[in-house]
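Novice: The sequence shown: position 23 = 378 (our numbering), numbered continuously.
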Amino acid sequence: MNYKVIKSEIRYKGKVFDHQVDEIQYDSGNIGIREVAVHPGGAVVIPIKDDGKIILVKQFRYPLQKTLIELPAGKLDKNEDPLNCAVRELEEETGYKAKEFTKLGAIYTAPGYCTEILHIFKAVGLIAGNHNREEGEQGMELFEFTLEEIKQMILSGKINDAKTIAGIFYLLNS
């Protein structure tokens, strides 16, 4: 590191993330400001049915004002184990439970300004049930695609959600 932190302050405590502003001093003596979205992280699930099809969700994303096709995912509760989050989010968003979860990896979503780490899990042995969606997820739709169909959707730009692209990459290489 070529700097030291002079001052660090949480300027806003939010429901999803906090906004931290750090004043730093480089070894040269120059002063800089770093803004950080402090996020607890989350879990992403690749639910694979017995026939090999993968369940994706279609949901509206407020910041983009767009509907995206994605893998099920959600935010970690404070001090929550990522596996517990994956189990909860799979059932909450899709209604499915899984007999087996395997962690495939983790990604930093936006390391230039955010501390969020997403833990990616494969879920197999799916058992259908009832979803328990949050209010903002009520319009969510489920779709089932083959891995090849998902690859083509990524390549054509129909799927452009980073966690989904990374999750499929992990699945293809696990």
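Glycine is no exception: its CB is placed at the ideal position from the N, C-alpha and C atoms. Treat the numbers as computed from the prediction; the structure is a model and nothing was measured.
Going by DSSP in three states, residue 420 sits in which element: helix, strand or coil?
Specialist: For the purposes of this step, residue 420 is identified with residue 65 of the sequence shown, where counting begins at 1. It is coil, neither helix nor strand.
Novice: Kindly identify the DSSP beta-bridge partner or partners of residue 428.
Specialist: Your numbering for residue 428 matches position 73 in the sequence shown. Paired residues: 399.
Novice: Under a Cβ-count criterion, where at least 16 other Cβ atoms within 10 Å of its own Cβ denotes burial, should residue 451 be classed as buried or exposed?
Specialist: Working through the sequence shown from its first residue, we reach residue 451 at position 96. When all chains shown are included, residue 451 counts as buried.
Novice: Tell me, which residues are paired with residue 388 by DSSP?
Specialist: Translated into the one-based positions of the sequence shown, residue 388 becomes position 33. The partner list for residue 388 (beta bridge, DSSP) reads 378.
Novice: Can you give me the start and stop residues for the alpha helix (DSSP H) that residue 522 sits inside?
Specialist: Counting from 1 along the sequence shown, the entry for residue 522 is found at position 167. Here the alpha helix (DSSP H) through residue 522 covers 517-527.
Novice: List the DSSP bridge partners of residue 364.
Specialist: By 1-based counting over the sequence shown, the position of residue 364 is 9. Answer is 376, bridged to residue 364.
Novice: Take the Cβ of residue 496 as the centre, count every other Cβ of all protein chains shown within 10 Å, and call the residue buried at 16 or more, exposed below.
Specialist: As a first step, residue 496 is located in the sequence shown; it is residue number 141 there, counting from the start. That one is exposed.
Novice: If you drop the 5 nearest sequence neighbours on each side, which residues of the same chain put their C-beta closer than 8 Å to that of residue 442?
Specialist: Here the question's residue 442 lines up with position 87 in the sequence shown. These residues qualify, in order along the chain: 452, 453, 456.
Novice: Compare the C-alpha of residue 389 against each of 361, 403, 437, 369 and name the closest.
Specialist: For this step, residue 389 is matched to residue 34 along the sequence shown. Minimum Cα distance to residue 389 is reached at 361.
Novice: I'd like to know whether the C-beta atoms of residue 477 and residue 526 end up nearer to each other than 8 Å.
Specialist: For the purposes of this step, residue 477 is identified with residue 122 of the sequence shown, where counting begins at 1. For the purposes of this step, residue 526 is identified with residue 171 of the sequence shown, where counting begins at 1. In contact: residue 477 and residue 526 (Cβ atoms closer than 8 Å).
Novice: Note down the Cα distance separating residue 416 from residue 425, rounded to an integer number of angstroms.
Specialist: Residue 416 sits at position 61 when you count from the first residue of the sequence shown. Residue 425 sits at position 70 when you count from the first residue of the sequence shown. C-alpha separation (whole angstroms): 11 Å.
Novice: Per DSSP, what are the beta-bridge partners of residue 481 in this structure?
Specialist: What you label residue 481 is simply residue 126 of the sequence shown in a count that begins at 1. Note: residue 481 sits in a beta bridge opposite 453.
Novice: Could you have a look at residue 499 and say whether DSSP puts it in helix, strand or coil?
Specialist: To locate residue 499, count along the sequence shown from 1; it is residue 144. It is a strand residue.
Novice: Any idea which residues DSSP pairs residue 440 with across the strands?
Specialist: Taking the first residue of the sequence shown as 1, we reach residue 440 at position 85. Answer is none; residue 440 lacks a bridge partner.
Novice: Output the distance between the C-alpha atoms of residue 461 and residue 506, rounded to the nearest integer angstrom.
Specialist: Here residue 461 refers to the residue found at position 106 of the sequence shown. Here residue 506 refers to the residue found at position 151 of the sequence shown. Going by the C-alpha atoms only, they are around 20 Å apart.
Novice: Going by Cα to Cα distance, which pick from 519, 410, 364 is closest to residue 449?
Specialist: In the sequence shown, counting from the first residue as 1, residue 449 sits at position 94. With distances taken between Cα atoms, residue 449 lies closest to 410.
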